[in-house]
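A.B. asks:
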Amino acid sequence: MEELTGAQMVMESLVREGTEHVFGLPGGANLPLYDAIPQYYPKVRHYLVKHEQCAAHAADAYARVSGKVGVCFATSGPGATNIVTGIANAWMDSVPLVCITGAVISALIGRDGFQEADITGITIPITKHNYLVLDVAEIPKVIREAFHIASTGRPGPVLVDIPRDVFQQKAEFVWPEKVELKGYRPRLYPDPAEVAKAVELIAEAKRPVILSGHGIIISQAYDEIRELAEKGNIPVITTLLGISGFPGTHPLYMGMPGMHGMYWNNIAIHESDLLIAAGMRFDDRITGRLKDFAPNAKIIHMEIDPAEIGKNVRPTATLQGDVRNSLRELNKHVQHVERPDWFARIEGLRRDHPSITVRETPEVLPQYVIDKLYEVTGGDCYVVTGVGQHQMWAAQFFWYDKPNSFVTSGGLGTMGFEVPAAMGVQAAKPGELVWSVCGDGGFQMTMQELATIAEYEWPIKFAIINNDSLGMVRQWQQLFYSNNIVATPMRNPDFVKLAEAFGILGLRATRREEVEPVIRQAMEHDGPVVCDFQVKGDENCYPMVPPGASLEETVDLPTYEDERVEVTA
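Each residue of the sequence shown is one higher than the last, beginning at 62 in this note's numbering.
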């Protein structure tokens, strides 16, 4: 067998796993790994980021839209700790990620050497598994296992930490064709008895609702969830991460529920007699006050992770397994049922509480920008967001028919995700249009990656929803902290000049009539574009479930006669 260095073993293993793109940043501890990269180009393309957190976010987003495991590199100490936020983000959103970090030489481990950090200890709570490799011969086996663990069952991040001297040592490269891990046997198919129970519950239901989550996208169960909805004649509500798992213009689609979901969805959930939860985990952003969540509903829970079953709500029927397999079994037996009273009730709620309307104002409304973005693109693009008001408006006012075309940070709620994640999406989909809808606050957390975007000539279009404020936090201060506006107003840079400093086209819209031309000009430009949309600064995001409230207590759109809308939990 051929002898390779540890660094070469890592790269050879990545090639065998089908890795084509890696995001990272070199340092002293992982420099031997970077020394090996040119030998494997162009099979593996490395992208130099400007901050390790962005390497993890870019690899995360790449994984979401490519269907492959995302890979990122970081050095020891601060390099490794900088990727922790990205690892936690992937952990919360069930994204397959393999992070390969360099460690100080083996003899210095535990001696507080320069740039040492116990990254395996630090990441125990936010990885499916992690490794510290001290034997160079173990590298192929470890990388093989890391990819298997990251991509099977409920996907998630795995970290592999390799000391610098182990990267430099040599051994025979032995590639394990099979992975055998004791105690790791993800269940993929549901119990037939539970399927039969679920079929009976659906047949008996008068007011059913499908709650479609991120699991639909992960398992690519687009056809199966649509078949269930159409065969059973059941309205579909998608979680935030479930958006783009069901066609946005389908007549059975109702939008998003929860804290900033459509009013009609929250009331429909509250009044339902059956919730069919497919690949979602009953997050608190969805349920509101848990003890009052769907008080009259029986629950069918389709979920691959046994730890999520019964954690927040008690299901009546449990279909543990891959959600695509569960849906296929369910769809064999589901019958069409007419539900005129239920659909009439939902239609009445939508008519009386429109929830998502773009009113006429002299200022540029953020909702208007998203609405125009949808109109001009026709929905034929990938939308990436950060976290905050802009994220909610992108979820509310854009209708996603293209499968898996909405990429956002859900469980961790990571501001700054919008810039590096757009890089990962564009790397995965080089011929597709990528729009990154940004908050002005989040954009500034990772805007250094404009240099990376310019370097690799990614034609990403950025729509900065610029309200000179940390908008979501300001909204909470206004509504729940007696309008005590502290540390949320911001003095922003000139985003157009900033873009130009990176060699990127910058555009600005300050009036309604400028919004559409700016969007069209950005799309006509071959390269990356930063669009500064200066919107109404004190616009609030509605509907809203106040903290501690139930879905039944959703606050609908205010009248806007008084901008200070008082809400009490």
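Even for Gly, the Cβ is constructed at its ideal location relative to N, Cα and C.
For the alpha helix (DSSP H) that His209 lies in, which residues bound it at each end?
C.D. replies: Its alpha helix (DSSP H) spans residues Ile200 to Ser212.
A.B. asks: Check for me: the alpha helix (DSSP H) holding Ile286 runs from which residue to which?
C.D. replies: Segment Tyr283 to Gly293, the alpha helix (DSSP H) holding Ile286.
A.B. asks: Is it the case that the segment 181 to 196 contacts the segment 117 to 130, given that we only count it when at least three CB pairs across the two stretches are under 8 Å?
C.D. replies: With the cut-off at 8 Å, the segment 117 to 130 and the segment 181 to 196 do not touch.
A.B. asks: Mind pulling the alpha helix (DSSP H) runs of 4 or more residues that sit fully within the segment 501 to 578?
C.D. replies: The qualifying runs are 501 to 507, 511 to 517, 532 to 541 and 556 to 562.
A.B. asks: Roughly how many angstroms lie between the CA atoms of Asn357 and Arg268, to the nearest whole one?
C.D. replies: Rounded to the nearest angstrom, the two C-alpha atoms are 10 Å apart.
A.B. asks: With distances taken from CA atoms, which of His209, Leu220 and Asp173 is nearest Val194?
C.D. replies: Val194 has its Cα closest to that of Leu220, out of His209, Leu220 and Asp173.
A.B. asks: Could you pull the DSSP bridge partners for Arg106 from this structure?
C.D. replies: Looking at the DSSP assignment, Arg106 forms a beta bridge with His82.
A.B. asks: Contact defined as beta carbons within less than 8 Å: I believe Leu272 pairs with Leu336. What is the distance between those atoms, to the nearest angstrom?
C.D. replies: Leu272 to Leu336, Cβ: 6 Å. Contact.
A.B. asks: List the endpoints of the continuous alpha helix (DSSP H) containing Cys115.
C.D. replies: It spans Glu113 to Ser127 - the alpha helix (DSSP H) in which Cys115 sits, taken as one unbroken run.
A.B. asks: In its own chain, which residues sit with a C-beta less than 6 Å from the C-beta of Phe84, not counting the 5 before and 5 after it?
C.D. replies: Answer for Phe84: Tyr108, Val110, Ala116, Ala119, Ala120 and Cys133, listed in chain order.
A.B. asks: Measure the alpha-carbon distance for Thr629 versus Glu614 and round it to whole angstroms.
C.D. replies: Since pLDDT at Thr629 reaches only 39, below the 50 mark, its modelled position is unreliable, and no value is offered.
A.B. asks: Determine the direct distance from the alpha carbon of Val374 to that of Lys248, and round the result to whole angstroms.
C.D. replies: Reading off the sequence, residue 248 comes out as Arg, not Lys. Cα to Cα, the separation comes out at about 21 Å.
A.B. asks: Mapping the DSSP letters down to three states, classify Val71 as helix, strand or coil.
C.D. replies: If DSSP states are grouped into helix, strand and coil, Val71 belongs with the helices.
A.B. asks: Short of 8 Å in beta carbon distance, which residues of its chain neighbour Ala74, apart from the five on each side in sequence? Order them along the chain.
C.D. replies: Rather than Ala, the amino acid found at residue 74 in this sequence is Ser. Answer for Ser74: Ile200, Pro201, Ile204, Arg205 and Trp236, listed in chain order.
A.B. asks: With distance defined between alpha-carbon atoms, name the residue in Gly274, Ile370, Met584 and Arg385 nearest to Glu288.
C.D. replies: Closest by alpha carbon: Arg385.
A.B. asks: Please report the Cβ distance between Gly131 and Ile365, rounded to the nearest whole angstrom; I am assuming they are in contact, meaning their Cβ atoms lie under 8 Å.
C.D. replies: In fact, because the Cβ distance is near 19 Å, the residues do not count as touching under 8 Å.
A.B. asks: May I have the straight-line CA-CA distance separating Val626 from Glu510, to the nearest angstrom?
C.D. replies: Caution is warranted here: a pLDDT of 42 is assigned to Val626, below 50, making its placement in the model unreliable, and the coordinate value is therefore given only provisionally. If you take the alpha carbons of Val626 and Glu510, they lie about 38 Å apart.
A.B. asks: Among Val395, Ala339, Tyr283 and Arg346, which residue has its Cα nearest to the Cα of Gly382?
C.D. replies: Nearest C-alpha to Gly382: Ala339.
A.B. asks: Grouping DSSP H, G and I as helix and E and B as strand, with all else coil, what is Asp345?
C.D. replies: Note: Asp345 maps to helix in three-state DSSP.
A.B. asks: Excluding the 5 residues flanking Val557 on each side, which residues of the same chain have their C-beta closer than 8 Å to its C-beta?
C.D. replies: For Val557, where only same-chain residues beyond five positions count, the Cβ hits under 8 Å are Gly567, Leu568, Arg569, Val591 and Asp593.
A.B. asks: Can Ile330 be considered in contact with the ligand ZN, in the sense that its beta carbon sits closer than 6 Å to one or more heavy atoms?
C.D. replies: By its list of ligands, the structure shown contains no ligand whatsoever, and the ligand ZN lies outside what it can speak to.
A.B. asks: In or out: Asn544 buried (at least 16 other Cβ within 10 Å) or exposed?
C.D. replies: Asn544 is exposed by the Cβ-count criterion.
A.B. asks: Figure out for me which residue from Pro253, Pro464 and Asp599 has the closest Cα to the Cα of Arg535.
C.D. replies: Per the Cα distances, Asp599.
A.B. asks: State the Cα-Cα distance for the pair Gly316 and Lys129, rounded to the nearest angstrom.
C.D. replies: Whole-angstrom Cα-Cα distance: 28 Å.
A.B. asks: Quick check on His451: buried or exposed, where buried means 16 or more other Cβ atoms within 10 Å of its Cβ?
C.D. replies: With 16 or more other Cβ atoms within 10 Å, it is buried.
A.B. asks: Opposite Gly316 in the DSSP bridges: which residues?
C.D. replies: Looking at the DSSP assignment, Gly316 forms a beta bridge with Ile298.
A.B. asks: Report yes if the C-beta distance between Gly349 and Ala610 is below 7 Å; otherwise report no.
C.D. replies: In this structure, Ala610 lies closer than 7 Å to Gly349 by Cβ.
A.B. asks: Is the Cβ of Ile304 closer than 7 Å to any Cβ of chain C?
C.D. replies: Judged by its chain identifiers, the structure shown contains no chain C, having just a single protein chain.
A.B. asks: Determine the contact status of Gly471 and Leu302, defining contact as a CB-CB distance below 7 Å.
C.D. replies: Closer than 7 Å, so yes.
A.B. asks: Buried or exposed, going by whether 16 or more other CB atoms sit within 10 Å of the CB of Lys433?
C.D. replies: The residue is buried, with at least 16 neighbouring Cβ atoms inside 10 Å.
A.B. asks: May I ask you to list the residues that DSSP assigns as paired with Ile161?
C.D. replies: Phe134 and Val221.
A.B. asks: For Glu585 and Val445, what's the separation of their Cα atoms in angstroms?
C.D. replies: Taking the straight line from one Cα to the other gives about 19 Å.
A.B. asks: Find out if the Cβ-Cβ distance for the pair Asp617, His394 is shorter than 7 Å.
C.D. replies: It is not a contact, given that the beta carbons lie outside the stated cut-off.
A.B. asks: Excluding the five sequence neighbours on either side, which residues of its own chain have a C-beta within less than 6 Å of the C-beta of His190, listed in chain order?
C.D. replies: The residues are Ile210 and Val219.
A.B. asks: What are the boundary residues of the alpha helix (DSSP H) that Phe404 is part of?
C.D. replies: Per DSSP, Phe404 belongs to the alpha helix (DSSP H) from Pro401 to Asp413.
A.B. asks: Can you give me the Cβ contacts of Gln155 inside the same chain, cut-off strictly under 7 Å, excluding the 5 residues immediately before and after it?
C.D. replies: The identity of residue 155 in the sequence shown is Ser, whereas the question assumes Gln. Excluding positions up to five away in sequence, the list reads Arg215, Pro216, Gly217, His275 and Ile279.
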